[in-house]
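If you're matching positions, the sequence shown starts at 54 in the numbering used here and goes up one per residue. Since the structure comes first, as structure tokens, the remarks are kept for the end.
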Amino acid sequence: MEALKGVRILDMSHVQAGPTCSQLLAWMGADVIKFENPAGDATRGQLRDVPNADSLYFTMLNCNKRSITVNMKSAEGKQVFVDLLKECHILMENFGPGVLDRFGFTWEKIHEINPKIVMGSIKGFGSSGPYSDFKAYENVAQAMGGAMSTTGVPEGPPFVTGAQIGDSGTGLHLAIGLLAALRQAEKTGQGQYVEVAMMDGVMNLCRVKFRDHQRLTRQSLSEFSVPTHQGMGAVPRAGNDSGGGQLGNAIRCKPGGPNDFLYIVVQEAVWEGLANLIGPALGMPGLAADPKFAKIADRRKNQAEMWEIIGEFALKHTKRELMAILNPLDVPCGPIMSTEDLANDEHVRGRDMWVELDHPQRGKWFNVGMPIKLSASPAVIKRSPTLGEHTDEVLRQVLGYDEAKIGALKQAGAFSAPPKKAA
Ligand SMILES: CC(C)(COP(=O)(O)OP(=O)(O)OC[C@H]1O[C@@H](n2cnc3c(N)ncnc32)[C@H](O)[C@@H]1OP(=O)(O)O)[C@@H](O)C(=O)NCCC(=O)NCCS
54 MEALKGVRIL DMSHVQAGPT CSQLLAWMGA DVIKFENPAG DATRGQLRDV
104 PNADSLYFTM LNCNKRSITV NMKSAEGKQV FVDLLKECHI LMENFGPGVL
154 DRFGFTWEKI HEINPKIVMG SIKGFGSSGP YSDFKAYENV AQAMGGAMST
204 TGVPEGPPFV TGAQIGDSGT GLHLAIGLLA ALRQAEKTGQ GQYVEVAMMD
254 GVMNLCRVKF RDHQRLTRQS LSEFSVPTHQ GMGAVPRAGN DSGGGQLGNA
304 IRCKPGGPND FLYIVVQEAV WEGLANLIGP ALGMPGLAAD PKFAKIADRR
354 KNQAEMWEII GEFALKHTKR ELMAILNPLD VPCGPIMSTE DLANDEHVRG
404 RDMWVELDHP QRGKWFNVGM PIKLSASPAV IKRSPTLGEH TDEVLRQVLG
454 YDEAKIGALK QAGAFSAPPK KAA
């Protein structure tokens with residue numbers, strides 16, 4: 054049985070941050086009703102690769118959901134919303150600040166309509182504090198949550214990361230909050246408001262950078278490859294440093310293409326084995342015991358030279374060859390995998406992390422699979438819905454509306470955008 058079978062979610066979320074959360078919950082078996090404005094989630098039309106088909110931006114974030122369109126700017130649409138609120142366990146949204154309030158539905162009002170419902174909101178900066186009125190996208194959150202200032206090299210500009218920690222990362226945080234609040238509501242009969250601010254989520258993911266921030270008040274950061282000193286204030290960008298107690302770096306391999314790198318962690322325990330392998334191969338038989346590198350404190354001090362030596366060895370091998378050489382020595386390492394590498398990787402396919410789906414508008418396409426594996430409830434991934442595909446089904450099945458009522462609501466414009474005024 055699916056883990057969240059019987060949980061119904063009214064999902065007003067759009068773009069990326071909310072939909073990643075509700076897609077995960079749908080993959081765990083929740084009945085997610087994607088409640089869209091009649092024009093649809095804007096991502097349906099964004100970055101289109103197939104004319105007139107829902108974009109991959111949309112299809113990859115909205116699997117296993119049902120879509121219903123409702124015009125919240127009409128009285129009839131609002132009534133449908135109220136009826137749905139009474140039939141759902143979770144309501145979620147990630148509108149800009151105040152949108153739901155402007156529709157007339159504050160959390161207090163929603164709680165009054167259905168005291169047991171859990172409401173989840175993602176905002177750029179939350180509902181309190183000087184930034185609370187601002188909208189946010191992924192990179193705004195990365196900029197303001199500490200990720201950008203700590204990514205890159207000191208002499209270069211701050212960089213965003215490819216991983217969508219602002220949007221998808223916040224979606225994960227929300228999923229955790231919703232499930233906790235749902236459990237509490239099941240016990241107490243009382244729902245609550247769950248808020249996750251993207252900036253807070255990014256700060257949470259940058260936790261170890263704040264560890265270093267506080268260490269800097271007392272000491273320099275001896276494991277950093279870039280200069281640091283006590284009292285310098287902000288944590289500097291440190292390239293591909295490991296970020297932990299062990300030394301790590303991305304080392305260039307043969308034949309020198311943009312992703313021909315192996316990330317190697319010179320864990321304290323593996324130094325001797327590693328040095329005994331590469332030292333003799335480079336005419337340095339005494340490398341393991343060399344006082345410049347023998348102890349971790351010395352390797353930290355002389356890490357530039359250590360990486361140069363490892364780099365010279367690495368250039369003789371491809372990243373895969375080097376991985377095969379280092380794995381038996383228990384050296385933690387991983388090739389830098391391109392999207393092309395991953396889409397064709399046997400391990401990835403074997404773990405259902407690159408899943409082929411069909412879609413009525415776009416034909417065959419792939420989605421990244423479900424990363425959370427439940428042993429008794431494996432996810433079955435189904436394509437995303439077309440706009441309003443399940444409007445009638447949801448009205449009939451969830452709300453018990455009859456054909457006459459549905460027809461009258463349609464006539465009144467509850468499910469469609471008002472006609473455009475003539476210019
Ligand atoms: C992402 C974001 C910047 C997009 O901004 P936006 O495109 O202006 O969208 P908003 O959420 O502010 O507004 C949605 C609009 O659609 C309207 N709308 C939404 N659902 C509707 C419905 N069912 N019927 C009628 N109108 C609807 C809203 O009323 C609002 O219009 P208004 O400004 O006239 O009130 C903004 O939603 C945001 O900051 N969200 C919170 C942070 C977040 O999640 N960001 C990451 C997104 S991946």
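No residue lacks a Cβ here, since even glycine has one placed at the ideal position from N, Cα and C. In this text the structure is predicted, and so the values were computed from the model without any measurement.
heavy atom of ligand 1 below 7 angstroms from Gly93 C-beta: As a working mapping, residue 93 is identified with position 40 in the sequence shown. Gly93: no, Cβ never under 7 angstroms from ligand 1.
Beta-carbon proximity of Glu140 to Leu452, cut-off 8 angstroms: What you label residue 140 is simply residue 87 of the sequence shown in a count that begins at 1. What you label residue 452 is simply residue 399 of the sequence shown in a count that begins at 1. Using a Cβ distance threshold of 8 angstroms, Glu140 and Leu452 count as a contacting pair.
Ser428 versus Leu231: straight-line alpha-carbon distance, rounded: In the sequence shown, counting from the first residue as 1, residue 428 sits at position 375. In the sequence shown, counting from the first residue as 1, residue 231 sits at position 178. Those two C-alpha atoms are separated by around 22 angstroms.
Gly242 vs Pro168 beta-carbon contact at 8 angstroms: For the purposes of this step, residue 242 is taken as residue 189 along the sequence shown, with counting starting at 1. For the purposes of this step, residue 168 is taken as residue 115 along the sequence shown, with counting starting at 1. Cβ distance < 8 angstroms, so Gly242 and Pro168 count as in contact.
Cβ contact (3+ pairs, closer than 8 angstroms) linking the region 262-280 and the region 289-299: Because the criterion of three Cβ pairs below 8 angstroms is met, the region 262-280 and the region 289-299 touch.
Backbone CA spacing between Glu239 and Val247 [nearest angstrom]: Here residue 239 refers to the residue found at position 186 of the sequence shown. Here residue 247 refers to the residue found at position 194 of the sequence shown. Roughly 15 angstroms separates the two Cα atoms.
Buried versus exposed call for Arg119 [16 or more other C-beta atoms within 10 Å across all chains shown]: As a first step, residue 119 must be located in the sequence shown, where it is residue number 66. That one is buried.
Coarse secondary structure for Ala120, derived from DSSP in three states: Looking up residue 120 in the sequence shown gives position 67. Looking at the sequence itself, residue 120 is Ser, so the reference to Ala does not match. In this structure, Ser120 counts as strand in the three-state DSSP scheme.
Boundaries (first-last residue) of the beta strand (DSSP E) holding Phe314: Position 261 of the sequence shown holds residue 314. Here the beta strand (DSSP E) through Phe314 covers 314-319.
Of the residues Gly209, Gly199, Pro150, the one placed nearest Pro183, counting alpha carbons only: For the purposes of this step, residue 183 is identified with residue 130 of the sequence shown, where counting begins at 1. Among Gly209, Gly199, Pro150, the Cα nearest to that of Pro183 is on Pro150.
Span separating the alpha-carbon of Ala476 from that of Thr444: To locate residue 476, count along the sequence shown from 1; it is residue 423. To locate residue 444, count along the sequence shown from 1; it is residue 391. Low confidence applies to Ala476: its pLDDT is 45, below 50, so where it sits in the model is not reliable enough to give any reading.
Beta carbon of Thr96 nearer than 8 angstroms to that of Tyr110: Stepping through the sequence shown from its first residue, residue 96 is reached at position 43. Stepping through the sequence shown from its first residue, residue 110 is reached at position 57. Contact flag set, yes.
Neighbourhood of Trp418 by C-beta, 7 angstroms cutoff - its chain only, sequence neighbours within 5 removed: Counting from 1 along the sequence shown, the entry for residue 418 is found at position 365. Leu109, Thr112, Leu410, His412, listed in sequence order.
Beta-carbon separation (whole angstroms), Asn124 vs Ala467, contact threshold 8 angstroms: Numbered from 1 along the sequence shown, position 71 holds the residue referred to as residue 124. Numbered from 1 along the sequence shown, position 414 holds the residue referred to as residue 467. Asn124 to Ala467, Cβ: 6 angstroms. Contact.
Met125 Cβ short of 7 angstroms to ligand 3 heavy atom set: Inclusion of ligand 3 in the displayed structure is not the case, the ligand content consisting of ligand 1 alone.
Where Ser393 falls, given that 16 or more other Cβ within 10 Å makes a residue buried: As a working mapping, residue 393 is identified with position 340 in the sequence shown. The residue asked about is misnamed: residue 393 is Glu in this sequence, not Ser. Answer is exposed; the Cβ neighbour count stays below 16.
Near ligand 1: Phe148 beta-carbon under 7 angstroms from a heavy atom: Taking the sequence shown and counting its residues from 1, one reaches residue 148 at position 95. For ligand 1, at least one heavy atom lies less than 7 angstroms from the Cβ of Phe148.
For Cys386, the three-state DSSP class (helix, strand or coil): The count along the sequence shown starts at 1 and reaches residue 386 at position 333. Residue state for Cys386 is assigned as strand, using DSSP reduced to three classes.
Sequence-distant residues of the same chain with beta carbon closer than 6 angstroms to Lys463, five excluded per side: As a first step, residue 463 must be located in the sequence shown, where it is residue number 410. Nothing meets the Cβ criterion.
Option in Thr214, Asn293, Arg236, Thr270 with minimal Cα separation from Leu497: No statement about residue 497 is possible, as the shown extent of the chain runs from 54 to 476 and does not include it.
Span of the alpha helix (DSSP H), counted from its first residue to its last, around Glu146: By 1-based counting over the sequence shown, the position of residue 146 is 93. Looking at the DSSP string, Glu146 is not in any alpha helix (DSSP H); the run it does join, the beta strand (DSSP E), is 143-146.
Buried versus exposed, by CB contacts within 10 Å (16 or more), Leu153: Here residue 153 corresponds to residue number 100 of the sequence shown, with the count starting at 1. That one is buried.
Asn312 beta carbon near ligand 1 (any heavy atom closer than 7 angstroms): As a position in the sequence shown, residue 312 is number 259, starting the count at 1. Asn312: no, Cβ never under 7 angstroms from ligand 1.
Distance between Gly422 and Cys74 (C-alpha atoms, nearest Å): The sequence position of residue 74 within the sequence shown is 21, counting from 1. The sequence position of residue 422 within the sequence shown is 369, counting from 1. Approximately 14 angstroms, taken between the alpha carbons.
Three-state secondary structure assigned by DSSP to Ile362: Mapped onto the sequence shown, residue 362 falls at position 309. Note: Ile362 maps to helix in three-state DSSP.
Nearest-angstrom Cα separation, counted from Pro431 out to Ala70: On the sequence shown, residue 70 is found 17 positions in, with the first residue counted as 1. On the sequence shown, residue 431 is found 378 positions in, with the first residue counted as 1. Here the alpha carbons of Pro431 and Ala70 stand approximately 23 angstroms from one another.
Cβ-Cβ distance between Asn293 and Asn302 below 8 angstroms: Residue numbering aside, residue 293 sits at position 240 when the sequence shown is read from its first letter. Residue numbering aside, residue 302 sits at position 249 when the sequence shown is read from its first letter. With a cutoff of 8 angstroms on beta-carbon distance, Asn293 and Asn302 are scored as near each other.
Proximity to Val171 [Cα-Cα], best of Gly387, Phe263, Ser221, Ala234: Translated into the one-based positions of the sequence shown, residue 171 becomes position 118. Closest in C-alpha terms to Val171, from the list Gly387, Phe263, Ser221, Ala234, comes Ala234.
For Phe263, the three-state DSSP class (helix, strand or coil): By one-based count along the sequence shown, residue 263 stands at place 210. Here Phe263 sits in helix by DSSP.
Neighbour-count burial assignment, Ile304, 16 or more Cβ in a 10 Å radius: As a position in the sequence shown, residue 304 is number 251, starting the count at 1. It is buried - the Cβ of Ile304 has at least 16 other Cβ atoms within 10 Å.
For Ala476, three-class secondary structure by DSSP: If you number the sequence shown from 1, residue 476 lands on position 423. Interpretation of Ala476 is limited by its pLDDT of 45, a score under 50 that renders its predicted location unreliable; the figure taken from the coordinates is listed afterwards. Residue state, collapsed to three classes: coil.
Nearest-angstrom beta carbon gap, Glu325 and Ala350 [assumed within contact, 8 angstroms]: For the purposes of this step, residue 350 is taken as the residue at position 297 of the sequence shown. For the purposes of this step, residue 325 is taken as the residue at position 272 of the sequence shown. Contact doesn't hold; Cβ gap of about 16 angstroms is too wide.
Candidates Asp265, Gly296, Gly298: closest to Gln283 by CA position: The sequence position of residue 283 within the sequence shown is 230, counting from 1. Of Asp265, Gly296, Gly298, the residue nearest in Cα terms is Asp265.
Best match in Ala128, Met285, Glu129 for proximity to Thr270 [C-alpha to C-alpha]: Here residue 270 refers to the residue found at position 217 when the sequence shown is read from its first residue. Nearest of Ala128, Met285, Glu129 to Thr270, Cα basis: Met285.
Exposure label - Leu100; buried when at least 16 CB within 10 Å: If you number the sequence shown from 1, residue 100 lands on position 47. Exposed, since its Cβ has fewer than 16 Cβ neighbours within 10 Å.
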